[in-house]
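If you use this note's numbering, the sequence shown corresponds to residues 114 to 344, in order.
We put the beta carbon where it would ideally sit given N, CA and C, even for glycine.
A short worksheet on the structure shown next.
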Amino acid sequence: MEKRFNILIKEKDPNVGALLQECLPNEDFHIEVSFDVNETRNKFNTGEYPVCIINLDPATIEEEFTLAKDIKAMNNHTVLIFLCHNPAKNIILQAYSLYTADDFIKKPFNLDELWARIYAILRRTHNVREKETNLYHIGKYIFDSHKQTLTIAGETRKVTTKECELLKYMCEHMNQLVERKDILKNIWRNDTYFNARSMDVYITKLRQLLKQDPGIAILNVHGKGYKLMEM
């Protein structure tokens, strides 16, 4: 990421706000916290914040939804992320349909997941690319290529080095066709019959690793290669 993005977090609990400020990657983001609706609105009137995170409070949710509508009216390109503990289905639907939320994250959540989701949205909306990342958001999974771990619903499992290399390569080409010859060249370093058979085995292993999220699929494009897809 070539420039720092300003993030404004609306969070009434100073302890949670301080935790988010400390744990989000400050080399990429300048993070500010506001503690009520009016303060958040005033900050948007005087500053530029490409990302706004609103922690929804059941006691003030209508005010916060109005705030979200005002933010989008001021700058429709602002990335708007809602956090909420055990939200009802109608709350989630309202967030997306009426207040144009870019993401809705249920609490409790993993900070790595929040980071990965912010990057995923900024890549889509602001053409942002990270310098180097070890974290990938794959549907409900968080993949850490440095630690060689795959996490879903708070459960983490280790993956082998070859599984890690192959999954990272596919994550870097998410929703794109990756040709068999390119996989063999980049991961196996040699396009031989035995390496091709090995690749097919590891594709099957990745499908097993990702099967807990039905919204994720590795599609076989006959005669060409594979696509890692978020359905």
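Tyr-339 in three-state terms, based on DSSP
Note: Tyr-339 maps to strand in three-state DSSP.
Secondary structure at Arg-117, three-state DSSP: helix, strand or coil?
Coil.
Assigned secondary structure, Phe-157 (DSSP; H/G/I helix, E/B strand, else coil):
In this structure, Phe-157 counts as helix in the three-state DSSP scheme.
If we ignore side chains and look at the alpha-carbon of each, how far apart do Ala-186 and Phe-157 end up?
The straight-line gap separating the alpha-carbon atoms of Ala-186 and Phe-157 is approximately 11 Å.
Could you tell me the distance, in whole angstroms, from the CA atom of Met-114 to the CA atom of Ile-251?
Interpretation of Met-114 is limited by its pLDDT of 49, a score under 50 that renders its predicted location unreliable; no figure is taken from the coordinates.
Buried or exposed for Met-344, please, with buried defined as at least 16 other CB atoms from any protein chain shown within 10 angstroms of its CB.
The residue in question, Met-344, is exposed, as its Cβ has fewer than 16 Cβ neighbours within 10 Å.
In whole angstroms, give me the CA-to-CA distance for Ile-122 and Asp-313.
Their Cα atoms are separated by approximately 44 Å.
Starting from Ser-147, trace the beta strand (DSSP E) in both directions and tell me its first and last residue.
Segment 142-147, the beta strand (DSSP E) holding Ser-147.
Start and end residues, beta strand (DSSP E) containing Glu-268
Judged by DSSP secondary structure, Glu-268 falls within the beta strand (DSSP E) whose first and last residues are 268-271.
If the criterion is Cβ atoms closer than 8 Å, does the pair Ile-184 and Ile-120 meet it?
Ile-184 places its beta carbon 8 Å or farther from that of Ile-120.
Is the distance from the Cβ of Leu-332 to the Cβ of Lys-340 below 8 Å?
Result yes, Cβ atoms of Leu-332 and Lys-340 sit closer than 8 Å.
Measure from the alpha carbon of Glu-226 to the alpha carbon of each residue in Leu-280, Asp-126, Asp-257, then state which is nearest.
From the listed residues Leu-280, Asp-126, Asp-257, the smallest Cα separation to Glu-226 is found for Asp-257.
Can you have a look at Leu-132 and say buried or exposed, based on whether 16 or more other CB atoms are within 10 angstroms of its CB?
Counting Cβ neighbours within 10 Å, Leu-132 comes out exposed, since fewer than 16 surround it.
Rounded distance between the beta-carbons of Tyr-249 and Ala-229, thought under 8 Å
Ala-229 to Tyr-249, Cβ: 7 Å. Contact.
Quick check: the Cα distance between Thr-305 and Leu-193, rounded to an integer number of angstroms?
About 48 Å.
Short of 7 Å in beta carbon distance, which residues of its chain neighbour Leu-224, apart from the five on each side in sequence? Order them along the chain.
Answer for Leu-224: Cys-136, listed in chain order.
If you reduce the DSSP assignment to three classes, tell me which class Phe-195 lands in.
Annotated three-state conformation of Phe-195 is strand, per DSSP.
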